[in-house]
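Worksheet for the structure shown next.
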Amino acid sequence: MDLSGMLAQAQAMQQQLMQAQEELAAAVFEGTSGGDLVTAKVSGTGELLELSIKPEAADPEDTETLADLVLAAVRAATDQQRQAAADKLGPMAGGLGI
Numbered sequence: 001m002d003l004s005g006m007l008a009q010a011q012a013m014q015q016q017l018m019q020a021q022e023e024l025a026a027a028v029f030e031g032t033s034g035g036d037l038v039t040a041k042v043s044g045t046g047e048l049l050e051l052s053i054k055p056e057a058a059d060p061e062d063t064e065t066l067a068d069l070v071l072a073a074v075r076a077a078t079d080q081q082r083q084a085a086a087d088k089l090g091p092m093a094g095g096l097g098i
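Counting from 1, one number per residue, gives the positions in the sequence shown under the numbering used here.
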């Protein structure tokens, strides 16, 4: 392959990567815990956007369980975001030989 062909391929891959990053940034991922007592939403960039807690999850005598539910919901949403990023961006890294 000649140099101009390699340059064109690199530019096309860069454009695809930018598009994938934009799509990922616009996505919202949701995680729940405790049978939907706690719901967390994160952006495609991993930012926590929303945290919802149903009243029945809040027991003043057992705040530790609520904290565990919140962490589990946030982790579930973040795991979905990371997996989506790997699925969307991973194949492009393979094309770069990384």
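All C-beta atoms in this analysis are idealised placements derived from N, C-alpha and C, irrespective of residue type, glycine included.
A quick note: this is a predicted structure, and the numbers were derived from the prediction, not measured.
Practice task
Report buried or exposed for Ser33, applying the criterion of at least 16 other Cβ atoms within 10 angstroms of its Cβ.
Solution key: Along the sequence shown, one-based indexing puts residue 33 at 33. So Ser33 counts as buried.
Handout entry: For Leu51 and Gln83, the rounded distance between their alpha carbons
Key = Numbered from its first residue, the sequence shown carries residue 83 at position 83. Numbered from its first residue, the sequence shown carries residue 51 at position 51. Taking the straight line joining both Cα atoms gives about 20 angstroms.
Practice task
Determine the burial state of Ala76: buried for a count of at least 16 other Cβ atoms within 10 Å of its Cβ, exposed for fewer.
Solution key: For the purposes of this step, residue 76 is identified with residue 76 of the sequence shown, where counting begins at 1. Flag for Ala76 reads buried.
Handout entry: CA-to-CA distance, Gly46 to Leu14, given in whole angstroms
Key = The residue given as residue 14 occupies position 14 in the sequence shown. The residue given as residue 46 occupies position 46 in the sequence shown. In the sequence on display, residue 14 carries Gln and not Leu. Our two residues, Gln14 and Gly46, have alpha carbons roughly 22 angstroms apart in a direct line.
Exercise for the section: To the nearest angstrom, report how far apart Gln19 and Gln81 are at their CA atoms. Expected result: As a working note, residue 19 is residue 19 in the sequence shown. As a working note, residue 81 is residue 81 in the sequence shown. If you take the alpha carbons of Gln19 and Gln81, they lie about 17 angstroms apart.
Practice task
Whole angstroms is fine: what's the gap from Ile53's alpha carbon to Ala27's?
Solution key: By 1-based counting over the sequence shown, the position of residue 53 is 53. By 1-based counting over the sequence shown, the position of residue 27 is 27. About 22 angstroms.
Problem - Residue closest to Gly44, alpha-carbon to alpha-carbon, out of Gly90, Leu3, Asp79 and Pro91 - result: Residue 44 sits at position 44 when you count from the first residue of the sequence shown. Per the Cα distances, Asp79.
Handout entry: Strand pairing of Leu51, partner residues [DSSP]
Key = What you label residue 51 is simply residue 51 of the sequence shown in a count that begins at 1. DSSP, once it has assigned bridges, lists Ala40 as partnering Leu51.
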